[in-house]
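Quick notes on the structure that follows.
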Amino acid sequence: MTAVDDEAAVDRVLAGDPSAFEGIVRRWQGPLVNLAYRFCRDRGRAEDMAQEAFLRAYRGLARWRRQGMFSTWLFALATNLYRSEIRRIPPVTLPLDRLEPSSGETRDDDVEDRDRAIRRVVDTLPPKYREALILFYFREMDVAAAAASLGVPEGTLKARLARARHLLRRKLPATVWSPRLKEAQ
Amino acid sequence: MTDELDRILSSGADVRPSPTFLRSVMAAVERQADAPPPIPFPWRRALPGIALAAILVIVEAFALGSAMEVNATTVPLFEDMPTPTAMWIVIGLFVSAATTAVAAVRIER
Numbered sequence: 029m030t031a032v033d034d035e036a037a038v039d040r041v042l043a044g045d046p047s048a049f050e051g052i053v054r055r056w057q058g059p060l061v062n063l064a065y066r067f068c069r070d071r072g073r074a075e076d077m078a079q080e081a082f083l084r085a086y087r088g089l090a091r092w093r094r095q096g097m098f099s100t101w102l103f104a105l106a107t108n109l110y111r112s113e114i115r116r117i118p119p120v121t122l123p124l125d126r127l128e129p130s131s132g133e134t135r136d137d138d139v140e141d142r143d144r145a146i147r148r149v150v151d152t153l154p155p156k157y158r159e160a161l162i163l164f165y166f167r168e169m170d171v172a173a174a175a176a177s178l179g180v181p182e183g184t185l186k187a188r189l190a191r192a193r194h195l196l197r198r199k200l201p202a203t204v205w206s207p208r209l210k211e212a213q
Numbered sequence: 005m006t007d008e009l010d011r012i013l014s015s016g017a018d019v020r021p022s023p024t025f026l027r028s029v030m031a032a033v034e035r036q037a038d039a040p041p042p043i044p045f046p047w048r049r050a051l052p053g054i055a056l057a058a059i060l061v062i063v064e065a066f067a068l069g070s071a072m073e074v075n076a077t078t079v080p081l082f083e084d085m086p087t088p089t090a091m092w093i094v095i096g097l098f099v100s101a102a103t104t105a106v107a108a109v110r111i112e113r
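Heads up: the sequence lines are chains U and V, in that order.
All residue numbers for the first sequence refer to the numbering used here, where the first residue is 29 and numbers rise by one.
All residue numbers for the second sequence refer to the numbering used here, where the first residue is 5 and numbers rise by one.
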């Protein structure tokens, strides 16, 4: 399915054929569930949030102005919903010192612990920085796409990313960057 | 470190939707499609009342303003009330009007 197919499906839905929406869900279910998961870190909740995003998209299809890509509109709508949801009921985040380290027998275990710790730190950032990071990496480091999804100018997003990275560096405990891991990089 | 962060955060999640997800979304969409359209806010019926309330608020605000200017302590509608109480009532009216308007707009959407 391509952008043209999306547009054709939207036309069919607006003409009164709700079943045409299935093509849109089929194409975008993966990205929308993934994006939701990055916000809430809970698979069940991610699906609930993604379902609500699809429903809102269905209800608001007539408001898509077709100046930009359908996906841009859909991601902006979903991002907006996810942000409100997460602010309404924040995900449970464990403090870093309560992370259970693996046995640490292998280099892979260490790397896994470190990656997990970094993601936990991201979860503890203030919402505007966390959202900037989530969208930036979700949109494959495309600043323009991430900014469009968040509804902020590119400059604002870049500033938030810089600040988020600075906060990450400050918050990450030294143990996360152990000499052994640094050697492994 | 930034490159490493890029790698870690890029590979943040790879969650696949459950096999029932598509069916569940489409069931919700069908329910939505079958549901009757939302009842629009009855602007025509409500408009005279809203206009009257707005006029009353404006008139009282002016009356209160001029009463304060001439250093009077009361205005016609709030004759036996001290000025701070009357002001609270006017603020209350403003807040009520604003919340009604916001609610009406949200219902409309």
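In this text, a Cβ means the ideal position worked out from N, Cα and C, and glycines have one as well.
For V61 of chain U, at least one C-beta of chain V is nearer than 8 Å to its own C-beta. Interface flag for R71 of chain U against chain V is set, since a Cβ pair is found closer than 8 Å. If you check each beta-carbon in the stretch 31-59 of chain V against every beta-carbon of chain U, the ones closer than 7 Å belong to A32, V33, E34, Q36 and A37.
Using a CB distance cut-off of 8 Å, R110 of chain V does not count as an interface residue toward chain U. Distance check between V61 of chain U and each of U:I146, U:V120 and U:E80 places U:E80 closest, using alpha-carbon atoms only.
Using beta-carbon distances, S14 of chain V counts as an interface residue toward chain U, with a partner under 8 Å. Counting along the chain, M169 of chain U sits inside no alpha helix (DSSP H), nor does DSSP assign it H or E at all. Annotated three-state conformation of L200 of chain U is coil, per DSSP. For A190 of chain U, not one C-beta of chain V is nearer than 8 Å to its own C-beta.
In the three-state DSSP reduction, T100 of chain U falls in the helix class (H, G or I). When C-beta distances to chain V are compared with 9 Å, the residues of the stretch 141-152 of chain U below that value are R142, D143, I146, R147 and V150, in chain order. Contact annotation: the stretch 21-33 of chain V does not touch the stretch 178-197 of chain U, with fewer than three C-beta pairs closer than 8 Å.
Residue nearest to D34 of chain U within the set U:W101, U:E168, U:R71 and U:A174 is U:W101 (criterion: CA-CA distance). Taken in chain order, the complete beta strand (DSSP E) segments of 3 or more residues contained in the stretch 34-82 of chain U number zero; there are none. Around P46 of chain U, the beta-carbon contacts reaching into chain V at under 7 Å are V33, E34 and A37.
If you draw a straight line from the Cα of F164 of chain U to the Cα of S99 of chain U, it is about 16 Å long. Under the Cβ distance rule, Q57 of chain U counts among the residues neighbouring chain V, one pair being separated by less than 8 Å. Listed in chain order, the non-local C-beta contacts of A90 of chain U below 7 Å within the same chain comprise L42, local neighbours out to five positions each way being set aside. Shown in chain order are the members of the stretch 17-31 of chain V whose Cβ falls below 8 Å from a Cβ of chain U: A17, D18, V19, R20, P21, S22, F25, L26, S28, V29 and M30.
A187 of chain U does not reach chain V, its nearest Cβ partner there being about 16 Å away, counting only Cβ pairs nearer than 9 Å.
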